[in-house]
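What follows is one structure encoded as structure tokens, with my remarks underneath.
Number of protein chains: 2
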Amino acid sequence: MLVYMRSVPVEPLEILECSPPLARAPLDAARAAAVARVFKALGDPVRLRIVSIVASHAGGEVCVCDITGAFDLSQPTISHHLKVLKDVGLLTSERRASWVHYRLVPKTLGELSALLGVPAVA
Amino acid sequence: MLVYMRSVPVEPLEILECSPPLARAPLDAARAAAVARVFKALGDPVRLRIVSIVASHAGGEVCVCDITGAFDLSQPTISHHLKVLKDVGLLTSERRASWVHYRLVPKTLGELSALLGVPAVA
DNA sequence: AGTCTATTTCGATGCTTGTCTATATGAGGA
DNA sequence: TCCTCATATAGACAAGCATCGAAATAGACT
Chain A
1 MLVYMRSVPV EPLEILECSP PLARAPLDAA RAAAVARVFK ALGDPVRLRI
51 VSIVASHAGG EVCVCDITGA FDLSQPTISH HLKVLKDVGL LTSERRASWV
101 HYRLVPKTLG ELSALLGVPA VA
Chain B
1 MLVYMRSVPV EPLEILECSP PLARAPLDAA RAAAVARVFK ALGDPVRLRI
51 VSIVASHAGG EVCVCDITGA FDLSQPTISH HLKVLKDVGL LTSERRASWV
101 HYRLVPKTLG ELSALLGVPA VA
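Protein sequence lines correspond, in order, to chains A and B.
Each residue of the first sequence is one higher than the one before, counting from 1 in this note's numbering.
Each residue of the second sequence is one higher than the one before, counting from 1 in this note's numbering.
Here it is as structure tokens:
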């Protein structure tokens, strides 16, 4: 049964490790699939805002309750988005007492940024 | 008649113009929506490969036929993906004789890269 | 005009996804 | 142990999307 496939956290892109900028050479299918997963995660307005909330928060850590309050969405919906961001390696979470704190994985974001970096306008 | 709505290219993100890195301040809803449109476009493996093919091609220009050949997909499907990339401002196209040539819009890619740029790991 | 080739648009289809409500889990305190 | 608060999971539903084949458009050549 493949029913659970969607929720199995795929190990997030080591594939990007030393990837050259987009413009150097065409991405092969496997690498493109791995990178596209992350972009797809960022391709939702709510998730993008969540990332920016976490990234811009002093201390680099945000409690779920802080995020939920920033949106007009149900708590499970926010939880779902957090899971997506975590599965692609953009966020990590840690439970302390009753609260769960999320923080950014700068490496993932940095790799994306480097990948998109355009060498020069020529 | 609104039949043509779908093909009207929304003017692509001037909103990003001087946007600070993601980590500076949380994106407001409008800006997040605009940026997410571009990330969503990049969130498909085929489209990501198309962008990288165009970006890495000498001369910076690629004929549709060159792209079609790189995939096991129907030509209309490729055309659809090209349209998506064009609508969000990642590519432009120009017709010369029978062929349509696509080229990258480095500005858009650069803005995304800058947005994702993480200041430092602290 | 007519025809060939390159590309886009149309309409349909099946899979994916964002959202909800309801329920479960987990941790702290009476 | 039981209750309450914070978060996650399950299941369902509507909207969105990638893909296809078929038809339409656009140029170039005869």
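Backbone N, C-alpha and C define an ideal beta-carbon position, used for all residues, glycine too.
Remember, predicted model here, so these are calculated numbers, not experimental data.
Is it right to say B/Leu73 is buried, meaning 16 or more other beta carbons lie within 10 angstroms of its own, or is it exposed?
With fewer than 16 other CB atoms across the displayed protein chains lying within 10 angstroms of its CB, B/Leu73 is exposed.
Looking at B/Val54 and B/Arg103, is the spacing between their C-beta atoms short of 8 Å?
A Cβ-Cβ contact shorter than 8 Å links B/Arg103 with B/Val54.
Using a Cβ cut-off of 7 Å, pull out every chain A residue sitting near B/Pro26, in sequence order please.
Arg49, Ser52, Ile53 and Ser56, listed in chain order.
Quick one: does A/Pro45 have its CB under 8 Å from some CB of chain B?
For A/Pro45, the answer is yes, since a Cβ of chain B falls inside 8 Å of its Cβ.
Give the DSSP-derived three-state secondary structure of A/Ser52 in the structure shown.
DSSP places A/Ser52 in helix when its eight states are reduced to three.
Closest Cα partner of B/Pro106 within the set B/His80, B/Val51 and B/Lys83:
Cα-wise, what sits closest to B/Pro106 is B/Val51.
Check whether the Cβ of B/Ser74 lies closer than 8 Å to any Cβ atom in chain A.
With 8 Å as the cut-off, B/Ser74 does not count as an interface residue toward chain A.
Got a sec: is the Cβ-Cβ distance from B/Leu82 to anything in chain A below 8 Å?
Residue-level contact check: B/Leu82 does not touch chain A, since none of the beta carbons of chain A fall below 8 Å from its beta carbon.
Using a Cβ cut-off of 8 Å (strictly closer), state whether B/Lys129 contacts chain A.
Past the edges of chain B, shown from 1 to 122, lies residue 129 of chain B, and the structure says nothing about it.
Could you tell me the distance, in whole angstroms, from the CA atom of A/Val100 to the CA atom of A/Pro45?
Within the model, the alpha-carbon separation for A/Val100 versus A/Pro45 is close to 22 Å.
Contact list for A/Leu112 against chain B, beta-carbon separation under 9 Å
Leu112, Ser113 and Leu116, listed in chain order.
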